[in-house]
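I have placed the structure first, in the form of structure tokens, so that the comments after it can refer back to it.
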Amino acid sequence: MSIQKVIRFEMRVPITVEQDGDWFISACPSLDVFSQGETHDKAVSNIIEALQLFIFSCYERGTLDQALKECGFHSALGIESIPVDEDMEIVDVPLPLMADYAENHAH
1 MSIQKVIRFE
11 MRVPITVEQD
21 GDWFISACPS
31 LDVFSQGETH
41 DKAVSNIIEA
51 LQLFIFSCYE
61 RGTLDQALKE
71 CGFHSALGIE
81 SIPVDEDMEI
91 VDVPLPLMAD
101 YAENHAH
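For the record, in the sequence shown the residue sitting at position 102 is 102 according to UniProt numbering, with numbers rising by one throughout.
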């Protein structure tokens, strides 16, 4: 029998959303991730999904630390607020992870 363990990380990420014709272009310049949508809300939803896919893809390939360092990130313990420009908004990006442990391996 196995026991599932789930943890959930959450990133608070600054994004921009700009209308371009009939479309809304969403961007996370900090991580160089972009998306779009037919409405502002859809563009926000799509950038959250794109960010999740980016982070999970890097995690699965074992390159998350390298990708974050290449974007200029380093540990910042004690920083609680995110400084943002006026044209940016903050979105929460949920990052759930699940581990299956054999019952005799659980601690």
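Where a beta carbon is used, it is the ideal one built from N, C-alpha and C, also for glycine.
Boundaries of the beta strand (DSSP E) in which residue i is found, first to last residue
i: residue 25; result: 23–28
i: residue 33; result: 33–37
Cβ-based burial, residue i [other Cβ within 10 Å; buried from 16]
i: residue 92; result: exposed
i: residue 71; result: exposed
i: residue 99; result: exposed
i: residue 82; result: exposed
Contact belief for residue i with residue j at Cβ below 8 Å, rounded distance in angstroms
i: residue 25; j: residue 18; result: 5 Å
i: residue 109; j: residue 47; result: With the chain covering only 1 through 107, there is no way to say anything about residue 109.
When the options are compared against residue i, the one with the closest alpha-carbon
i: residue 65; options: 31, 86 and 22; result: 31
Extent of the continuous alpha helix (DSSP H) to which residue i belongs
i: residue 48; result: 40–61
i: residue 64; result: 64–70
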